[in-house]
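S.K.:
In my numbering, the protein residues as written are 8 to 358.
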């Protein structure tokens, strides 16, 4: 039986938007929906990322798959025909090559790239009207949305990369997703860090130019989970702006907001050498292919200071930060510097 309200809500969500207090974890069904996990082990100094992008192309759904680690320098990238994402919960699959939900991640890209990790004790995004993109979540047809749904937890399992098996025991884990009608913005910046002296702490940010029709603005979302469990989110252009100055080796952010009658300031300073970066892919959904698009560091340094008024509430430093500066032109310039073919993806030159 026709249901006009249901059809309207389905079309609204297919445009990328979510109603206040809606759940953004299920797929929206747009051109691209990306899911990303990051595992950090401050004891061993290792970090691992795994990603899947569910893309809609002229031949149907296909997937961008990727795995990279630090300090080993492993990088595996695949384009996989056929992919699935659940519209009601976080559950994605590309055949047997990549299967994941909110409690388990399994990857099999061949004998040199296999992962089987379970996630327990999850620290989820709290119940709030909106996710990481704030009120932009309610605006349909934006080029990009961002939601850090998992701000901590315990990861246990194994990762076999290039003949090396990492027994993952009690590592820290982070998860996010992003989606949009055009795949990725023309340029963007991103960062995430755990591995602080306080295991409960987590920092994540993502920024770029957001646009839909005549609406066009540069936005950076900045999220900090304090050691006591308080979650701060800044980045609304008027009420809690975040200023970002970003290069290929440096990320400098300052956010300001008024919270419960007091001024809160977050300062983030991060750096990583370009020589240690991976060049990771981004999908071109309509062209049914991946291309080089992001300069990604897996073991950068990030320092954060959170102030309430003039008083420092928390400061921390991590040497296992993930840091990214994205854009097709930027990635291709780095490939030219390395002497790699255009459109390729590349591990650090030292590997």
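Note that the Cβ used here is the ideal one computed from N, Cα and C, for glycine as well.
For residue 336, does the three-state DSSP call read helix, strand or coil?
M.R.: helix
S.K.: Output the distance between the C-alpha atoms of residue 363 and residue 157, rounded to the nearest integer angstrom.
M.R.: What the structure shows of the chain is the stretch from 8 to 358, and residue 363 is not part of that stretch, so it cannot be assessed.
S.K.: Consult DSSP for residue 21 and reduce its assignment to one of helix, strand or coil.
M.R.: helix
S.K.: Since residue 132 is in the beta strand (DSSP E), which residue starts that stretch and which ends it?
M.R.: Per DSSP, residue 132 lies in no beta strand (DSSP E) and is assigned neither H nor E.
S.K.: Label residue 201 either buried or exposed according to how many other C-beta atoms from any shown protein chain fall within 10 Å of its C-beta, with 16 as the threshold for buried.
M.R.: Per the 10 Å Cβ criterion, buried.
S.K.: Just to check my reading of the structure: residue 162 and residue 46 have Cβ atoms closer than 8 Å, yes? What is that Cβ distance to the nearest angstrom?
M.R.: 5 Å
S.K.: I'd like the span of the beta strand (DSSP E) that includes residue 185, first residue to last.
M.R.: Counting along the chain, the beta strand (DSSP E) containing residue 185 begins and ends at 171-187.
S.K.: Could you name the residues of the same chain whose beta carbon sits closer than 6 Å to that of residue 325, not counting the 5 residues immediately before and after it, in chain order?
M.R.: 200, 202, 203, 309
S.K.: From which residue to which residue does the beta strand (DSSP E) around residue 146 run?
M.R.: Element bounds for residue 146: n/a, residue is neither H nor E.
S.K.: Under three-state DSSP, which class holds residue 266?
M.R.: strand
S.K.: I need the boundaries of the beta strand (DSSP E) containing residue 164, first residue and last residue.
M.R.: 161-168
S.K.: Looking only at its own chain, which residues have a Cβ that is under 8 Å from the Cβ of residue 102, when we skip the five neighbours before and after it?
M.R.: 87, 89
S.K.: What is the DSSP secondary structure of residue 351, reduced to helix, strand or coil?
M.R.: Coil, per DSSP.
S.K.: Note down, one range per segment and in chain order, each beta strand (DSSP E) of at least 3 residues found wholly within the stretch 200-244.
M.R.: Runs of the beta strand (DSSP E) inside the stretch 200-244: 209-219, 222-232, 238-241.
S.K.: Starting from residue 154 and walking both ways along the beta strand (DSSP E), at which residues does that stretch end?
M.R.: 152-157
S.K.: CA-CA distance, residue 59 and residue 288?
M.R.: 11 Å
S.K.: Among 226, 235, 251, 12, which residue has its Cα nearest to the Cα of residue 141?
M.R.: 226
S.K.: Whole-angstrom Cβ separation of residue 165 and residue 173, contact assumed at under 8 Å?
M.R.: 7 Å
S.K.: Helix, strand or coil, according to DSSP, for residue 106 in the structure here?
M.R.: Looking at residue 106 - three-state DSSP - the assignment turns out to be strand.
S.K.: According to the neighbour-count rule (16 or more other Cβ atoms, all chains shown, within 10 Å of its Cβ), is residue 83 buried or exposed?
M.R.: buried
S.K.: Report the residue from 332, 350, 292, 340 whose alpha carbon sits nearest the alpha carbon of residue 71.
M.R.: Nearest to residue 71 by C-alpha distance, out of 332, 350, 292, 340, is 292.
S.K.: Return the chain-ordered ranges of every beta strand (DSSP E) run that is complete within the stretch 64-114 and spans a minimum of 3 residues.
M.R.: 67-77, 82-88, 98-101, 105-108
S.K.: According to DSSP, simplified to helix, strand and coil, what is residue 255?
M.R.: Coil, per DSSP.
S.K.: Apart from the five residues just before and just after residue 296, which ones in its own chain have a Cβ nearer than 7 Å to its Cβ?
M.R.: 86
S.K.: Can you confirm whether the stretch 106-126 touches the stretch 35-49 when touching is taken to mean that 3 or more C-beta pairs between the two stretches lie within less than 8 Å?
M.R.: yes
S.K.: Please confirm whether residue 109 and residue 34 have their CB atoms less than 8 Å apart.
M.R.: Not in contact: residue 109 and residue 34 (Cβ atoms no closer than 8 Å).
S.K.: Taking just the CA atoms, how far does residue 170 sit from residue 346?
M.R.: 27 Å
S.K.: Let me make sure I understand the geometry here. Which of 117, 254, 32, 56 has the alpha-carbon closest to that of residue 137?
M.R.: 32
S.K.: What does DSSP give as the partner residues of residue 305 in its beta bridges?
M.R.: Per DSSP, none; premise fails for residue 305.
S.K.: Should residue 222 go down as buried or exposed, given a rule of 16 or more other Cβ atoms within 10 Å for buried?
M.R.: Classification for residue 222: exposed.
S.K.: Which of the three DSSP states, helix, strand or coil, is assigned to residue 328?
M.R.: strand
S.K.: Who pairs with residue 290 in a beta bridge, going by DSSP?
M.R.: 297
S.K.: Helix or strand or just coil, what does DSSP make of residue 127?
M.R.: strand
S.K.: Rounded to the nearest angstrom, what separates residue 350 and residue 298 at their Cα positions?
M.R.: 5 Å
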